[in-house]
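Undergrad: One structure, pasted below without further comment.
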Amino acid sequence: MATGDIAVARSVDALRQAVASWRKRRERIGLVPTMGAIHAGHLALVHAARGGCERVVASLFVNPKQFAPTEDFAAYPRSEATDLAAFQSAGVDLVFTPTVAEMYPPGFATSVEIGGVSEGLDGAHRPGHFAGVATVVAKLLLQCLPDAAYFGEKDYQQLTVVRRLARDLDIPVRIEGVATVREADGLALSSRNAYLSPEERRTAPLLYRVLCDSAAALSHDPEAVAAALERGIARLSAGGFAVDYLELRDAAALTPLPRLVGEARLLVAARISRTRLIDNVPVAAG
Ligand code: AMP
């Protein structure tokens, strides 16, 4: 079914029909899962998918299962017409935008729980979040059966959880991570940036500055992890953030690192007023 000029599938059947016709022609299929409110970060995923596949499916679904009851599911920005136009300009072939009832029909009773990489960080601060993410991503991968699926490094723990999910459940898909797209002042693009007041928006880039400065300090002194993290948290607090965590983790296993070794990732979550922002950077031993 077409809306404007871009093809839109609202049911799993319609998605599978489109994908089957491409498969017959041996075209490779890339999937880009999103919750909409499309920005240049999402479009970087589309661009990567277009680079690796003949056909690109973008999904647009605000997944209720990954929001806690206290979180912003109802208020989450929804803008279907604008999103479809953005996907169309970026070269998406099909937008899959199911209803909640299509994804979770009455009687739906399955939850995909990933241990290890889901624990700590956002897993500790957002109970149930990664089970909601893993459940919807498992469904999307099995509904579409793409060759590759594209996820942003912006949500680094999510990317790691999705890699684990595909590996553990033998879902035959390549999971591709895409570098974070930022504003000129360093703030990572996010649909939730729309919640920031002008004053909060001026505060927000401190998050990335602290990540970069802390990463540089850690590279310089790999043993002084606790001190570098304490300084970073103090700077964020002084700048107006309420910090949920600032942590150094192994880049692949996400285990905590008391000293900097191998490939590491520095991850942060902090709130300005009621808006919660997350970000992360790689850290290399100097
Ligand atoms: P969301 O719509 O927020 O669930 O995000 C959909 C996908 O876009 C996820 O894989 C995100 O990691 C990715 N994404 C969101 N923001 C960015 C960004 N600034 N740069 C790169 N990818 C992003």
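Going letter by letter, the sequence shown gives residues 4 to 289 in the numbering used here. We treat Cβ as the ideally placed atom computed from N, Cα and C, and that holds for glycine. None of the values given here were measured: they were computed from a predicted structure.
What would DSSP say about residue 76, mapped onto helix, strand or coil?
TA: Mapped onto the sequence shown, residue 76 falls at position 73. Coil at residue 76, not helix or strand.
Undergrad: In chain order, what residues of the same chain lie with their CB nearer than 6 Å to the CB of residue 41, ignoring the 5 residues before and after it?
TA: Mapped onto the sequence shown, residue 41 falls at position 38. Only 86 and 89 meet the Cβ criterion.
Undergrad: So the candidates are 56, 14 and 15; which of them puts its Cα closest to the Cα of residue 179?
TA: On the sequence shown, residue 179 is found 176 positions in, with the first residue counted as 1. Comparing Cα positions, the closest option is 56.
Undergrad: Identify every residue that forms a DSSP beta bridge with residue 278.
TA: Taking the sequence shown and counting its residues from 1, one reaches residue 278 at position 275. Residue 278 pairs with 275.
Undergrad: Can you give me the Cβ contacts of residue 221 inside the same chain, cut-off strictly under 6 Å, excluding the 5 residues immediately before and after it?
TA: By one-based count along the sequence shown, residue 221 stands at place 218. Excluding positions up to five away in sequence, the list reads 231, 263 and 286.
Undergrad: Between which two residues does the beta strand (DSSP E) carrying residue 36 extend?
TA: Reading the sequence shown from its first residue, position 33 is the one you call residue 36. Residue 36 -> beta strand (DSSP E) spans 32 to 37.
Undergrad: State yes or no: is the C-beta of residue 267 within less than 8 Å of the C-beta of residue 247?
TA: Taking the first residue of the sequence shown as position 1, residue 267 is located at position 264. Taking the first residue of the sequence shown as position 1, residue 247 is located at position 244. For residue 267 and residue 247, no; Cβs fall outside 8 Å.
Undergrad: Check whether the Cβ atoms of residue 215 and residue 34 lie closer than 8 Å to each other.
TA: Counted from its first residue, the sequence shown places residue 215 at position 212. Counted from its first residue, the sequence shown places residue 34 at position 31. Contact: no.
Undergrad: Under the DSSP definition of a beta bridge, which residues are partnered with residue 99?
TA: As a first step, residue 99 is located in the sequence shown; it is residue number 96 there, counting from the start. The partner list for residue 99 (beta bridge, DSSP) reads 12 and 62.
Undergrad: Judging by CA-CA distance, which residue of 32, 31 and 48 is the nearest neighbour of residue 39?
TA: Taking the first residue of the sequence shown as 1, we reach residue 39 at position 36. The option with the nearest alpha carbon to residue 39 is 48.
Undergrad: When the Cα atoms are used, what is the spatial distance from residue 98 to residue 135?
TA: Numbered from its first residue, the sequence shown carries residue 98 at position 95. Numbered from its first residue, the sequence shown carries residue 135 at position 132. The straight-line gap from Cα to Cα measures roughly 21 Å.
Undergrad: Just how far apart, CA to CA, sit residue 8 and residue 194?
TA: As a working note, residue 8 is residue 5 in the sequence shown. As a working note, residue 194 is residue 191 in the sequence shown. Those two C-alpha atoms are separated by around 25 Å.
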